[in-house]
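Asks: Have a look at this one.
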């Protein structure tokens, strides 16, 4: 509450200050020069290192829910670049632009970088909002970097003032006060390095909605040479030139109700045990397909965990498995660590399986996650839930109780 109140007082002071400046063009000009000088120091800080990496950890809180994302960027001294988004990896290497999408390991996008990174991003994805803010600053672009830093949450931001103080971690900081049509934000800058260390914003999702909170924490490292060079391994995948060739046009996903659930054998996280679906015949099976980067999945998992707890306490013929899919990692060990860290952090206890290949979701006709399936004792699919539902606990409970009553 203290941080929010400080922001209110600060923005009030800024608004009063701006009204005073309106009557004094010289003061207003001097104040703007101070802001411009600060921005140029930040630009230089990102242009100076021969190579560097940055990880931005973002957390959005709204209505009691929390969503977390992470965006990582790496820049080599040779002009190479790597950007990791939750379900997308982009690399620039030897004059080519590469893009890999989670869950699509049969092909990858490749095209010449041509006019530059930003035009290529715009050509491929139809937007420039996914361009990392540090990339924009490294290229000397001071327009739109704050908006991109917030993954587009804070639209049309304007720097209103500069102050000194401490960031949320208690470190001395230069603080840029930013306003937008939908909220306000403090951007924290290290006074020694002039690198952005984080941000804290309050914003509205729409007229009449409650305020949401966005916090960003940066972790930046500079190098003369990257410890590990950026590389790209195409393997036996097919190179294509458009995202449409990787992702087929959306259509209606098949209704599998009444059909036999495709069999599979998958490793159980945290053990050496392998789980085979067909060996679970005689039990009602609930499968929840998810990924660590998937926001709707993260919203739904606590409710699926609640259902798993209920099933464990009240039934002996219902089993629940989370099924991790589409992670952006190359080895089972890496995925297992990602899953384990996520599971422990959220204190989940239901078992989760790990699928490394897209063949599983293809067999089930899954084009998006989360998907939760209820499979009857005979192995047939009874119900398919697609997307996040706040009522999933009650829905699963009712469906399972109906199946058990029919025995």
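In this note's numbering, the protein residues as written are 2 to 408.
Note that the Cβ used here is the ideal one computed from N, Cα and C, for glycine as well.
These numbers come from a predicted model, not from an experiment.
Cβ of residue 181 within 9 angstroms of Cβ of residue 159?
Replies: For this step, residue 181 is matched to residue 180 along the chain shown. For this step, residue 159 is matched to residue 158 along the chain shown. It is a contact, given that the beta carbons lie within the stated cut-off.
Asks: If you draw a straight line from the alpha carbon of residue 300 to that of residue 370, how long is it in whole angstroms?
Replies: Taking the first residue of the chain shown as 1, we reach residue 300 at position 299. Taking the first residue of the chain shown as 1, we reach residue 370 at position 369. Taken atom to atom, the span from the alpha-carbon of residue 300 to that of residue 370 is near 12 angstroms.
Asks: If the criterion is Cβ atoms closer than 9 angstroms, does the pair residue 331 and residue 291 meet it?
Replies: Stepping through the chain shown from its first residue, residue 331 is reached at position 330. Stepping through the chain shown from its first residue, residue 291 is reached at position 290. Between residue 331 and residue 291, the C-beta gap is not smaller than 9 angstroms, which leaves the two residues out of contact.
Asks: I need the straight-line Cα distance from residue 128 to residue 100, nearest angstrom please.
Replies: By 1-based counting over the chain shown, the position of residue 128 is 127. By 1-based counting over the chain shown, the position of residue 100 is 99. Near 15 angstroms, if we compare the C-alpha coordinates of residue 100 and residue 128.
Asks: Could you pull out every residue in the same chain whose Cβ sits closer than 6 angstroms to the Cβ of residue 196, ignoring the five residues on either side in sequence?
Replies: For the purposes of this step, residue 196 is taken as residue 195 along the chain shown, with counting starting at 1. So the list reads 46, 221, once near-sequence residues are dropped.
Asks: List in chain order: all unbroken alpha helix (DSSP H) runs of 4+ residues lying wholly within the segment 137-201.
Replies: 146-150
Asks: Pair every Cβ in the segment 218-238 with every Cβ in the segment 51-60, then say whether three or more of these pairs are closer than 8 angstroms.
Replies: yes
Asks: Using beta-carbon positions only, say whether residue 1 and residue 305 come within less than 9 angstroms of one another.
Replies: In the structure as shown, the chain starts at 2 and stops at 408, and residue 1 therefore has no counterpart that could be examined.
Asks: If I measure Cβ to Cβ from residue 148 and keep anything under 8 angstroms in the same chain, skipping five residues before and after, which residues do I get?
Replies: Against the chain shown, residue 148 aligns to sequence position 147. These residues qualify, in order along the chain: 130, 155, 156, 157, 158.
Asks: Please return the same chain residues whose Cβ sits closer than 8 angstroms to the Cβ of residue 393, not counting the five positions on each side in sequence.
Replies: As a working mapping, residue 393 is identified with position 392 in the chain shown. 301, 304, 305, 308, 373, 386.
Asks: Tell me whether residue 172 is buried or exposed, calling it buried when 16 or more other Cβ atoms sit within 10 Å of its Cβ.
Replies: Your numbering for residue 172 matches position 171 in the chain shown. Its Cβ having fewer than 16 others within 10 Å, residue 172 is exposed.
Asks: To the nearest whole angstrom, what separates the beta carbons of residue 88 and residue 102, a pair I think is in contact under 8 angstroms?
Replies: Start at 1 with the first residue of the chain shown, and residue 88 comes out as number 87. Start at 1 with the first residue of the chain shown, and residue 102 comes out as number 101. Sure, about 7 angstroms apart at Cβ, within 8 angstroms.
Asks: Residue 41 and residue 198 - do their beta-carbons sit closer together than 9 angstroms?
Replies: The residue you call residue 198 lines up with position 197 of the chain shown. The residue you call residue 41 lines up with position 40 of the chain shown. Contact flag unset, no.
Asks: My output table needs one value for residue 39: the three-state DSSP class, helix, strand or coil.
Replies: Translated into positions along the chain shown, residue 39 becomes position 38. In the structure shown, residue 39 sits in a helix (DSSP, three-state: H, G or I).
Asks: Could you tell me the distance, in whole angstroms, from the CA atom of residue 327 to the CA atom of residue 204?
Replies: In the chain shown, residue 327 corresponds to position 326, counting from 1. In the chain shown, residue 204 corresponds to position 203, counting from 1. The alpha-carbon atoms of residue 327 and residue 204 are separated by roughly 31 angstroms.
Asks: Does the beta-carbon distance from residue 150 to residue 184 come in below 9 angstroms?
Replies: As a first step, residue 150 must be located in the chain shown, where it is residue number 149. As a first step, residue 184 must be located in the chain shown, where it is residue number 183. Between residue 150 and residue 184, the CB-CB gap reaches or exceeds 9 angstroms.
Asks: State the start and end residues of the unbroken alpha helix (DSSP H) segment that holds residue 339.
Replies: To locate residue 339, count along the chain shown from 1; it is residue 338. That run of the alpha helix (DSSP H) goes 333-347.
Asks: Does DSSP put residue 367 in a helix, a strand or coil?
Replies: Translated into positions along the chain shown, residue 367 becomes position 366. DSSP places residue 367 in coil when its eight states are reduced to three.
Asks: Report the residue ranges of all alpha helix (DSSP H) runs contained in full by the segment 355-399; include only those spanning at least 4 residues, in chain order.
Replies: 360-364
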